[in-house]
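At position 347 of the sequence shown the residue is numbered 369 (the numbering used here), and the sequence of numbers has no breaks.
This report refers to the structure that appears directly beneath it.
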Amino acid sequence: MNPYKNSIISNSLCDVASFAYPEILELIEAQCLPIIDQILIGREFGRSDKIVTLLEFHHDGSDMIDISFFGKNWSEVFKKDIFPSWWGEIEDLCISYPELDNDPVGNPFMSIASKKDSSGDQASTNKSVLQLIDDQFVECEIRDDHPRTAGIFVKTTKKILDKEKPFFSSTFDVILVIQKIADNVLFENKAKAQAMINRLVDGLNDPVYIGIMVGRSHNLKLIFGNIESAANTKKILESECMFQGDFKYLSQLNAVVSDLVKIKDANIRPCLDIDLLTNTINPRVCFEVFPVKRFAETRNWKVLEKIALICDLNPQDIVHVRTTHQHLPIGKKTDPLAAMLIQKMSTQPQKRDNNRIDKRATLSHYKICIEPEKACKIKSYAYITQEFHA
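Here's what the structure looks like:
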């Protein structure tokens with residue numbers, strides 16, 4: 023018996039991975055279960071809860087698999103020596119957004135953007151007015167044989183949904199508050215930092231996620247919404263915030279952006295690493311590619327094939343992506359009648375068991391990473407979901 027199978031989240035992951043990823047189940051267990059065991063404190067789940075984890079697969083020959091957790095109040099769940107002690111203050115700023123818990127497609131990473139909610143006051147298009155949402159995701163990984171929290175991502179919304187909670191007039195104001203709570207005095211040139219963030223917002227709109235990288239708090243990861251203008255994105259990449267002089271690399275980036283936005287059956291989201299000490303954008307630029315028809319994607323691989331051509335990806339990496347997710351989408355749905363009969367016929371008290379749980383694994387998205395003087399790399403992400411029923 024695996025010594026790490028001591029929590030409901032561990033069992034959730036292993037149950038689904040056993041039929042979704044049977045060929046690499048041992049890899050998933052070896053890399054993800056120690057994280058769950060050493061980072062998470064035990065958590066009780068209600069009878070109608072949904073456990074959602076996101077697996078990140080590397081396709082560069084390393085066989086690395088990282089894991090992220092979705093949910094609320096993580097400061098109460100993660101062990102204190104691994105999680106920032108000040109994160110609870112960030113959670114106090116966040117509004118509750120219960121609709122996330124009932125996302126019908128089980129995709130919390132995209133749920134805000136895909137919902138049409140008539141509640142709340144829409145912010146003016148001429149000025150950012152943001153609130154933070156209490157549904158966050160936490161990236162975890164094993165490095166040097168030690169599990170660690172890599173980053174915490176807080177979601178933003180441009181709807182004022184709770185007038186009792188703080189709202190912010192700009193993305194930079196959010197960053198200022200986060201840095202103040204974290205007790206980081208990092209701005210050698212605050213005006214220059216503000217100008218850089220404002221330039222990004224002007225070209226890409228406000229980020230949908232702001233990621234705080236644990237252990238290197240001067241670095242932020244900004245995940246923006248679907249690219250609306252390739253021209254505006256190019257202006258950002260060519261700005262003085264980026265490294266200068268490597269025109270070959272800039273040309274490569276611009277070509278990739280121009281072609282990615284032409285993929286009609288995918289949403290493209292830029293993901294930029296910001297250094298608040300130097301007020302620069304890291305030259306490693308990533309694009310998240312979300313297939314619109316993600317259930318069909320793992321049958322026809324249309325979006326993957328387009329990405330491979332655009333980014334000149336290593337054919338072996340593409341084969342690895344397809345092999346990894348060959349069984350997706352896949353799930354096991356509860357039969358309510360069978361569950362009721364089992365409960366009535368049993369002479370033993372019935373605990374929550376696999377007959378009362380819906381399980382599924384679905385592709386989420388791809389990520390393309392581009393760096394100077396290096397070949398493009400691809401990662402892929404999949405949701406592991408278990409939903410309990412009363």
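Every residue, glycine too, gets a C-beta built ideally from N, C-alpha and C.
All figures in this text were calculated on a predicted structure; none of them were measured in a lab.
Leaving out five residues on either side along the sequence, give the residues of the same chain with a beta carbon under 7 Å from the beta carbon of residue i.
i	result
K315	D287
L47	A39 and S40
I57	I89, C162, I164 and P169
L49	D85 and I87
N248	N289, I290 and R291
Quick check: what's the CA-CA separation for residue i versus residue j?
i	j	result
L299	K94	30 Å
Q158	G237	18 Å
A213	A318	47 Å
I400	Q216	32 Å
I285	L198	36 Å
I392	R306	6 Å
L259	L222	10 Å
I112	V196	10 Å
F246	T178	10 Å
A42	L282	29 Å
K256	L226	10 Å
N390	S280	Correcting the residue identity first, residue 390 is Ile in this sequence and not Asn. Rounded to the nearest angstrom, the two C-alpha atoms are 14 Å apart.
A172	W323	30 Å
V176	L55	24 Å
V278	I200	33 Å
K102	I117	23 Å
R382	H347	13 Å
R387	P337	The residue you asked about is not Arg; residue 387 is His in the sequence shown. The straight-line gap from Cα to Cα measures roughly 19 Å.
N211	D224	20 Å
F100	D167	19 Å
S32	S261	45 Å
E327	S29	38 Å
With residue i and residue j assumed to form a contact (beta carbons below 8 Å), what rounded beta-carbon distance in angstroms separates them?
i	j	result
M235	N301	With 8 Å as the limit, M235 and N301 do not qualify as a contact, their Cβ atoms being about 16 Å apart.
F309	R291	7 Å
L183	Y119	7 Å
I340	V311	No, I340 and V311 are not in contact; Cβ-Cβ is about 13 Å, not under 8 Å.
A404	L385	5 Å
S402	F79	5 Å
I61	W109	13 Å between Cβ atoms; not a contact.
Use the C-beta contact count for residue i: other C-beta atoms within 10 angstroms, 16 or more gives buried, fewer gives exposed.
i	result
I134	Model confidence at I134 stands at a pLDDT of 35, short of 50, so the residue's coordinates are unreliable; what they give is reported in the following sentence. The residue is buried, with at least 16 neighbouring Cβ atoms inside 10 Å.
S34	buried
P413	The chain is shown only over 23 to 412; residue 413 falls outside these bounds and no answer can be derived.
R163	A small correction: the amino acid at residue 163 is Glu; Arg does not occupy that position in the sequence shown. Its Cβ being crowded by 16 or more others within 10 Å, E163 is buried.
D156	buried
E98	exposed
L294	buried
F269	exposed
Q53	buried
L331	exposed
K8	Because residue 8 is not part of the residues shown, which for the chain are 23 to 412, the question remains open.
K185	exposed
K181	buried
S84	exposed
T193	buried
T345	exposed
With a threshold of 6 Å on Cβ separation, who are the neighbours of residue i within its own chain once the five nearest residues in sequence on each side are excluded?
i	result
N220	none
H81	D339, H342, V343 and I400
P313	A288, E319 and V325
M86	H80
P394	D268, Y271 and P305
Please return the same chain residues whose Cβ sits closer than 8 Å to the Cβ of residue i, not counting the five positions on each side in sequence.
i	result
P297	Rather than Pro, the amino acid found at residue 297 in this sequence is Asp. Correct list, in chain order: H240, N241, I303 and N304.
W96	F105, W109, E113, Q158, V160 and I174
I203	W108, E111 and I112
D334	A397 and C398
L115	L154, K187, P188 and V199
Is residue i close to chain C? Criterion is C-beta to C-beta, closer than 8 Å.
i	result
D37	Going by chain labels, chain C is absent from the structure shown, which holds only one protein chain.
Q.
Whether or not the stretch 267-274 and the stretch 218-230 are in contact is what I'm after, with contact meaning three or more pairs of Cβ atoms, one per stretch, closer than 8 Å; do they touch?
A. Contact between the stretch 218-230 and the stretch 267-274 is absent: fewer than three C-beta pairs spanning the two stretches fall below 8 Å.
Q | Contact the stretch 178-198 vs the stretch 151-165: 3+ CB pairs below 8 Å | A | Contact holds: three or more Cβ-Cβ distances are below 8 Å.
(Q) Across the stretch 245-256 and the stretch 347-356, are there enough close Cβ pairs to call them in contact, namely three or more that are closer than 8 Å? (A) No: the two stretches stay apart, fewer than three of their Cβ pairs being nearer than 8 Å.
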